[in-house]
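Residue numbers (the working numbering), protein chains in the order written: chain A, 765 to 923; chain B, 1229 to 1565.
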């Protein structure tokens, strides 16, 4: 087929303005990993089923593998690389370390971004509610009890 | 993904005229289902018309009811104060579906237009009449555990995957659409189709039409309702069987009963005779079981999914009991109420 039409977009990624020209089928996940070398966001299933690619767009958690980047022109994106501030870990990152809330670590960036979205939503109060609203993030190592404990610690610090 | 052109729609009229000019195009809003299907080449649009920035994202009061813009995100609808208080069954059904990330992306209009998750529809190496009319149906004699037991045809036994639509069927919502021939309103219960011999058509929306809003009438069943979803894991899974119920009670007597099933048919499944059998009756397990029997009289299993007939019967009785008692199923506590 003919050379695809590339489109200019501008995103604010982790506080930095990024102007790019991309093919319309570029997912936000591939843009982050392949175009911006931000490989903290992980490609798990690439079908919206595992949550490993979770990032925040304008403060809300979404699945970056099912997001076409062109549809987000002008948006602010926060990835795992953007959570630590001034060299200090985000409370969720510290809590995941404190609670050993991972084994292989592959789902962890998605878990932490998802948890940051969950805390911003302010809907989850109990462990049951955390579990339900984190169900879009699969951990095949089964670190779930420690993930819930880590989120509870971070929620306590921020409330 | 196969290459495609991309353009943003500047307003609703522009979206409609761009579609009229490119019949093999698709509208994109949240993209949660469309992008997924494009990755596996089940959907192959030549162009995407981006409607995600159109001003169809408001929830407005309309003389006691609500007009919900087609681009309202699923989470925003579920958490809307007027929905939580007046239509808690709708909030509950939305929160029972997908994950919070997907609900943050998915639009109301897109939820209505979800394609089936039948594994054979997704698998290009197998026969599927929905994907390729005339090819046959690999599900009928295949692994059909997730497939339909009601309203099936020799051509297709797929189910509609939405939870939200099951609640909208009970609420008797209507779907506002616009297209080159003007605007029209389709009752939600007439919006999705049975497969018959045209399973490639999921809905009565024409390919060149755009959903602009979903309207729910005032009656919200906010006291006696439930959304009970039975699935293979406790969260983030499609329904084996789900039941949305809305009851109006007069003391212990049922004034009006409405219920719909998800996960069992090509559309949210209501049965007028079963609902009518409950009116004027006392709320009792015996009456609920009789209503369930009416719904399932013509149910047909295909081997792996035959258990759904019994499961549906019990889920209907359980859901009607939850609604009558005023103890709706919580979507976070997994204890069956």
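Just so you know, even glycine gets a beta-carbon here, dropped at the ideal spot from N, CA and C. Since the structure is predicted, the reported quantities are computational estimates derived from the model, not experimental observations.
A distance of 9 Å or more separates the beta carbons of residue 1344 of chain B and residue 1395 of chain B. A residue is called buried once 16 or more other Cβ atoms fall within 10 Å of its Cβ, and residue 831 of chain A is buried on that count.
Taken in chain order, the members of the segment 1331-1350 of chain B whose beta-carbon sits within less than 7 Å of a beta-carbon on chain A are 1332, 1333. Contact of residue 1394 of chain B with chain A by beta-carbon distance below 7 Å is absent, the smallest such distance being about 19 Å. The beta carbons of residue 839 of chain A and residue 865 of chain A sit about 29 Å from each other, so the pair does not count as a contact at 8 Å. With respect to chain A, the C-beta atom of residue 1259 of chain B has a partner C-beta closer than 9 Å. Non-local C-beta neighbours of residue 887 of chain A in its own chain, meaning closer than 8 Å and more than five positions away in sequence, comprise 893, 897, ordered along the chain. Per the coordinates, the alpha-carbon of residue 1307 of chain B lies some 28 Å from the alpha-carbon of residue 810 of chain A.
Listed along chain A, the residues sitting closer than 8 Å to residue 1232 of chain B by beta-carbon distance are 788, 789.
Closest in C-alpha terms to residue 1470 of chain B, from the list B:1546, B:1446, B:1346, B:1500, comes B:1546. The residue among B:1259, B:1561, B:1519, B:1244 with its C-alpha nearest the C-alpha of residue 1482 of chain B is B:1519. Bridge partners of residue 1478 of chain B according to DSSP: B:1481. Rounded to whole angstroms, residue 1392 of chain B and residue 1442 of chain B show a C-alpha spacing of 12 Å.
Under a criterion of Cβ atoms nearer than 7 Å, no residue of chain A is adjacent to residue 1470 of chain B; the nearest Cβ is some 16 Å distant.
Look at residue 825 of chain A here: in three-state DSSP terms it is strand. Inclusion of residue 1416 of chain B and residue 1447 of chain B in the CB contact set at 9 Å is not warranted, their separation being larger than that value. Per DSSP, the continuous alpha helix (DSSP H) segment holding residue 1339 of chain B begins and ends at 1336-1340. Three or more pairs of CB atoms, one per stretch, sit closer than 8 Å, so the segment 821-836 of chain A contacts the segment 874-887 of chain A. Sequence-distant Cβ neighbours of residue 1434 of chain B in its own chain, meaning closer than 7 Å and more than five residues away, are 1407. When only Cα atoms are considered, residue 1532 of chain B and residue 795 of chain A end up about 42 Å apart. With contact defined as three or more Cβ pairs closer than 8 Å, the segment 1329-1339 of chain B and the segment 1289-1301 of chain B are in contact. Using a Cβ distance threshold of 9 Å, residue 821 of chain A and residue 875 of chain A do not count as a contacting pair. Close to residue 818 of chain A, with beta-carbon spacing below 7 Å, are these residues of chain B in chain order: 1329. Collapsing the DSSP output to three states places residue 1277 of chain B in a strand. The alpha carbon of residue 1458 of chain B has as its nearest neighbour, out of B:1485, B:1486, B:1492, B:1361, the alpha carbon of B:1492.
The Cβ of residue 1276 of chain B sits closer than 9 Å to at least one Cβ of chain A. Taking each of B:1254, B:1311, B:1548 in turn and checking the Cα distance to residue 1507 of chain B, the smallest one comes out for B:1548. Taking 9 Å as the threshold, the shortest C-beta distance from residue 904 of chain A to chain B does not fall below it. Take residue 1476 of chain B, set aside five residues on each side of it, and the residues of its chain with a beta-carbon closer than 6 Å to its own are 1483, 1484, in chain order. Just measuring C-alpha positions, the residue of B:1462, B:1247, B:1366 sitting nearest residue 1558 of chain B is B:1462.
Chain-ordered listing is empty here: chain A has no CB closer than 9 Å to the CB of residue 1238 of chain B, the nearest sitting near 14 Å. Residues of the segment 1296-1320 of chain B with a Cβ closer than 9 Å to any Cβ of chain A, in chain order: 1301, 1303, 1307. Residue pairing by DSSP puts residue 776 of chain A in a beta bridge opposite A:781, A:840. Counting along the chain, the unbroken alpha helix (DSSP H) around residue 894 of chain A starts and ends at 891-897. For the segment 1449-1477 of chain B, residues whose beta-carbon sits nearer than 7 Å to a beta-carbon of chain A comprise 1463, 1464. At least 9 Å separates the beta-carbon of residue 775 of chain A from that of residue 845 of chain A.
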